[in-house]
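Add 156 to a position in the sequence shown, counting from 1, and you land on the number used in this note's numbering.
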Amino acid sequence: MGRAKLVDIEVMLSWASSMTWKSLYPILSLSKTVYQKGISLTKKAIKQVKSTLQRNPLYPKWDILIQAL
Numbered sequence: 157m158g159r160a161k162l163v164d165i166e167v168m169l170s171w172a173s174s175m176t177w178k179s180l181y182p183i184l185s186l187s188k189t190v191y192q193k194g195i196s197l198t199k200k201a202i203k204q205v206k207s208t209l210q211r212n213p214l215y216p217k218w219d220i221l222i223q224a225l
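Encoded structure:
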């Protein structure tokens, strides 16, 4: 699927689940949680989230690995 019309949730999830990286498929789950606007994380919480991110040295702008907390 080079170009996909992302018209509904099923199409989006199907398209995303077909992507691979190093022969690995993503694990997807749909969150239907509606979050309140204007809420932001504390500096401590942001620091905790950032500690779970690892940037790929070859593609630091585009590729990150997110580890579970």
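Quick reminder that beta carbons are idealized off the backbone N, C-alpha and C, glycines included.
Residue i (DSSP reduced to helix, strand or coil)
i	result
residue 169	helix
residue 223	coil
Residue interval of the alpha helix (DSSP H) (run including residue i)
i	result
residue 195	Neither: residue 195 is in no alpha helix (DSSP H) and is coded neither H nor E.
Residues near residue i in its chain [Cβ-Cβ closer than 7 angstroms; skip 5 each side]
i	result
residue 162	168 and 171
Proximity of residue i and residue j at Cβ, strictly below 8 angstroms
i	j	result
residue 208	residue 195	no
residue 184	residue 173	yes
residue 186	residue 165	yes
Terminal residues of the beta strand (DSSP E) in which residue i lies
i	result
residue 184	From DSSP, residue 184 is part of no beta strand (DSSP E); its letter is neither H nor E.
residue 209	209-211
Own chain, CB closer than 6 angstroms to residue i, minus 5 neighbours either side, in chain order
i	result
residue 154	Any answer about residue 154 is impossible in this case: the structure gives the chain only from 157 up to 225.
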